[in-house]
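Peer 1: Starting off with a structure, shown below.
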Amino acid sequence: MADGDQQQVTLGEVYRAVLDLRQELRNMVSRQEFTVVVQNLEDRQLAQQKDLSERAEAAGKEHIRMDAERDKVAASTHQELVDLRKEVRDQKRAQEDAEEKRKAAARQTWTAIGLAVFGVMLSVLRDFFIPGAGG
Numbered sequence: 002m003a004d005g006d007q008q009q010v011t012l013g014e015v016y017r018a019v020l021d022l023r024q025e026l027r028n029m030v031s032r033q034e035f036t037v038v039v040q041n042l043e044d045r046q047l048a049q050q051k052d053l054s055e056r057a058e059a060a061g062k063e064h065i066r067m068d069a070e071r072d073k074v075a076a077s078t079h080q081e082l083v084d085l086r087k088e089v090r091d092q093k094r095a096q097e098d099a100e101e102k103r104k105a106a107a108r109q110t111w112t113a114i115g116l117a118v119f120g121v122m123l124s125v126l127r128d129f130f131i132p133g134a135g136g
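Each residue of the sequence shown is one higher than the last, beginning at 2 in the working numbering.
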């Protein structure tokens, strides 16, 4: 019965054991593939995060550059506005000065006309009251 102590394995059991081993190998391969897929996803995520960080940094630098450019344009525009206001003020002052000079010239003209008329009247009166005194 020495042969009886040993278990006999049937062909079905061998086939079943082979199927089990095959499934276990598939599971191992699947786990390895899953690990590779997970690693690839993690690598891709890290690359995307790095890319986003670089883009954010570049966008921040661009934003700072644009702010500086905007401030520069605003300062330039403000200076132009100040210069235009000064020019308008100077032109207004020049117009007021010209108007004052015109008025002064008109006053002088009317004063001269008035004096001339007064002189003529005095001359006429002198000739009237003092006959033969006029030339």
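Even glycine gets a Cβ: it sits at the ideal position worked out from N, Cα and C. Every value quoted in this text rests on a predicted model; they were computed, and no experiment measured them.
1) For the segment 35-64, list the beta strand (DSSP E) runs that are entirely contained and at least 3 residues long, ordered along the chain.
2) DSSP three-state label for Q9, please.
3) Give the DSSP-derived three-state secondary structure of I131 in the structure shown.
4) Got a sec? Which residues, its chain only, sit under 6 Å from R17 by beta carbon, not counting five neighbours each side?
5) Alpha carbon to alpha carbon, how far is E34 from Q9? Give it in angstroms, no decimals.
6) Could you compute how far the alpha carbon of R108 sits from the alpha carbon of D98?
7) By Cβ distance, which residues of its chain are closer than 6 Å to A117, with the 5 residues on each side in sequence left out?
Peer 2: According to the data block:
1) none
2) coil
3) coil
4) none
5) 38 Å
6) 15 Å
7) none
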